[in-house]
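Residue 187 in my numbering sits at position 187 of the sequence shown, with consecutive numbering throughout.
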Amino acid sequence: MVKVSFIAKLIFLFFLGLALPSFGFGGETHFRMEFSKREVFLGEQVTCNFVVYSPDNVVEVEVAKFPEFRGYWKENLVLRQGPIPTTPGMPGELNEAIVGTYVLTPMLGSQEPLIEPMKVVIRNPSSRLIEGSTPPEFTYSDGTPPTIKPLPPLPASEDPKWFTGAVGRFSFYPGDNAATFQKGDPAQFRITLTGQGNFQDINSLPLILPGTMEELGKRSFQQGSTQVNAKSFEYTVQIHGIETFYLQPAPFIYFDPDTKQYVKIYTPQIGFQFVKTEAPTAAEEEAPARLSPLESSWSAYRPLSHSAPFLLLQVLVGFVIAGFTSLRFARLHAIARSLRPEVIRKQKLAAATQLLRAGHLEPFLKEADSLARECLGARIGGAPAGLPKSELIKHASGSLDPLYLDAARGIFSAYERLAFRPDHLPVEDAETLLKSLEKLVG
Numbered sequence: 001m002v003k004v005s006f007i008a009k010l011i012f013l014f015f016l017g018l019a020l021p022s023f024g025f026g027g028e029t030h031f032r033m034e035f036s037k038r039e040v041f042l043g044e045q046v047t048c049n050f051v052v053y054s055p056d057n058v059v060e061v062e063v064a065k066f067p068e069f070r071g072y073w074k075e076n077l078v079l080r081q082g083p084i085p086t087t088p089g090m091p092g093e094l095n096e097a098i099v100g101t102y103v104l105t106p107m108l109g110s111q112e113p114l115i116e117p118m119k120v121v122i123r124n125p126s127s128r129l130i131e132g133s134t135p136p137e138f139t140y141s142d143g144t145p146p147t148i149k150p151l152p153p154l155p156a157s158e159d160p161k162w163f164t165g166a167v168g169r170f171s172f173y174p175g176d177n178a179a180t181f182q183k184g185d186p187a188q189f190r191i192t193l194t195g196q197g198n199f200q201d202i203n204s205l206p207l208i209l210p211g212t213m214e215e216l217g218k219r220s221f222q223q224g225s226t227q228v229n230a231k232s233f234e235y236t237v238q239i240h241g242i243e244t245f246y247l248q249p250a251p252f253i254y255f256d257p258d259t260k261q262y263v264k265i266y267t268p269q270i271g272f273q274f275v276k277t278e279a280p281t282a283a284e285e286e287a288p289a290r291l292s293p294l295e296s297s298w299s300a301y302r303p304l305s306h307s308a309p310f311l312l313l314q315v316l317v318g319f320v321i322a323g324f325t326s327l328r329f330a331r332l333h334a335i336a337r338s339l340r341p342e343v344i345r346k347q348k349l350a351a352a353t354q355l356l357r358a359g360h361l362e363p364f365l366k367e368a369d370s371l372a373r374e375c376l377g378a379r380i381g382g383a384p385a386g387l388p389k390s391e392l393i394k395h396a397s398g399s400l401d402p403l404y405l406d407a408a409r410g411i412f413s414a415y416e417r418l419a420f421r422p423d424h425l426p427v428e429d430a431e432t433l434l435k436s437l438e439k440l441v442g
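Listed below in structure tokens is the structure:
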């Protein structure tokens, strides 16, 4: 029993430690700048993370000022704002949320690299106060940048001209190994360097050019991501000669920060193949040029826009378009007019008149009762649905003509006598009720 109770207490304490950060018992929220390495060489890549540590499960982050990296090449991999879920830490530790991730490379020749912190506003979304009640509290990222060490000296056995400042791990793409040229024309070839490192600082390759090759120009372009990158160097040359030859491999030295040693590789061997162009034969040089037959007559050009038939056709097309547009507008106007409330009431009046002429007295009175109620509501600016007729008459008494109200009362009374009284009192003068209804609608 004692052993079981001890294990149960351990399990309880473990889960209590997991729950502490989410309930705010693990400490205060803070913002840090963290690096993947504490020491780096010039030109060596290092990852910089901006991390929020908080007891909350979700934090809301708004970036007020982005970090500045002076003396570094930078590439932004992650940048997040707004509500960010946190990752639970170890028991007793705060939760983590990464706001931004950068890959930094100290520039060669930079004397004093500097990192200015990121400025953010951190809130808890579940306890946000009313906007404007308190000013936002800005938080700066704290943390110490890594120590930047200079590159060790090049071994005495190596020629410094083969080292151009490359730091990382590199290799040459083996596909760039053939080129063609013609006599008197510029030729081009390309060498591609691949790998991971400070490609931004590598602006040229050491080459061994033969005496028959003259460099006219070069350009470079980079592609890829931080993990797998490539930089191509494209050269334009003038070759004085017609012999096929090879561009001999040249040493390329780079510094590997993992092994802390210099590594020598070689550029690919590129073969230049002379392509002979066929000279034109004597018959081809003496052959006359084939021209189109000569015109025997000519006439003055008249633009189509100046032609009378064309102008007449444009006028006819304009009339047709205007006619169709007018018909469409007339149709839309008729539809809009038919939907107006006063037009609909006149249509209901016509339907009620037909019922009376056909001898259908009770349907006529029902339609007249509904139409009279609608007319009164429209005259007083609208009446609530389900308002009794007596209340409707009372609302209208102060603003409408008494004769108008008497016409409505007569229709209401006649419909009630015929439809709701047990004895079904007959209507004495239906024509008078029709004229009262016309007065209400008109």
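From the three backbone atoms N, C-alpha and C, an ideal C-beta is built for every residue, glycine too.
CB of residue i within 7 angstroms of CB of residue j, strictly
i, j, result
"leucine 216", "glutamine 238", "yes"
"threonine 267", "phenylalanine 172", "yes"
"lysine 348", "leucine 371", "yes"
"threonine 105", "leucine 77", "no"
"isoleucine 98", "phenylalanine 69", "no"
"glutamine 273", "threonine 236", "no"
"proline 81", "valine 63", "The displayed chain sequence assigns glutamine, not proline, to residue 81. A contact, by the Cβ cut-off of 7 angstroms."
"proline 257", "phenylalanine 66", "no"
"valine 58", "valine 120", "no"
"glutamine 182", "threonine 259", "no"
"arginine 190", "glutamate 234", "yes"
"alanine 250", "proline 206", "yes"
Among the options, nearest to residue i - alpha-carbon criterion
i, options, result
"tyrosine 262", "Phe252, Met118 and Ile270", "Phe252"
"alanine 166", "Gly43, Ser220 and Asn95", "Gly43"
"arginine 373", "Phe41, Thr325, Leu392 and Lys346", "Leu392"
"alanine 351", "Thr277, Glu438, Asp159 and Met107", "Glu438"
"aspartate 429", "Leu361, Gln188 and Glu60", "Leu361"
"glycine 224", "Thr212, His240 and Asn198", "Asn198"
"tyrosine 415", "Glu60, Phe245, Leu434 and Ala178", "Leu434"
"threonine 147", "Pro155, Lys37 and Ser110", "Lys37"
"leucine 151", "Glu39, Ser307 and Pro186", "Glu39"
"glycine 109", "Asp201, Ser299, His240 and Lys260", "Asp201"
"methionine 213", "Asn203, Pro206 and His240", "His240"
"isoleucine 404", "Leu418, Ile380 and Arg417", "Strictly speaking, residue 404 in this sequence is tyrosine, with isoleucine absent from that position. Nearest C-alpha to tyrosine 404: Ile380."
"arginine 357", "Gly184, Lys161 and Glu431", "Glu431"
Buried versus exposed, by CB contacts within 10 Å (16 or more), residue i
i, result
"tyrosine 72", "buried"
"phenylalanine 255", "buried"
"glycine 318", "exposed"
"isoleucine 208", "exposed"
"glutamate 367", "buried"
"serine 436", "buried"
"leucine 440", "buried"
"phenylalanine 412", "buried"
"isoleucine 321", "exposed"
"serine 133", "Because the pLDDT at serine 133 is just 46, under 50, the model does not fix this residue reliably, and the value given afterwards should be weighed accordingly. Exposed, because fewer than 16 other Cβ atoms sit within 10 Å of the Cβ of serine 133."
"alanine 408", "buried"
"asparagine 49", "buried"
"aspartate 369", "buried"
"valine 46", "buried"
"histidine 333", "exposed"
"isoleucine 270", "buried"
"phenylalanine 221", "exposed"
"phenylalanine 310", "exposed"
"methionine 90", "exposed"
"leucine 313", "exposed"
"asparagine 518", "Only positions 1 to 442 of the chain appear in this structure, which leaves residue 518 out of reach."
"lysine 394", "exposed"
| said: Across the segment 51-66 and the segment 81-89, are there enough close Cβ pairs to call them in contact, namely three or more that are closer than 8 angstroms? | reply: yes
| request: List in chain order: all unbroken beta strand (DSSP E) runs of 3+ residues lying wholly within the segment 86-173. | output: Counting only runs of 3 or more residues that sit fully inside the segment 86-173, the beta strand (DSSP E) segments are 95-106, 114-116, 119-123, 138-140, 147-149 and 163-172, in chain order.
| query | Is the number of C-beta pairs between the segment 141-149 and the segment 27-46 that are closer than 8 angstroms three or more? | reply | Yes: the two stretches touch, three or more of their Cβ pairs being nearer than 8 angstroms.
| said: Give the list of continuous alpha helix (DSSP H) stretches no shorter than 4 residues that lie fully inside the segment 271-335. | reply: 282-286
| message | Closer than 8 angstroms is the cut-off here; do at least three beta carbon pairs connect the segment 230-244 with the segment 180-200? | response | yes
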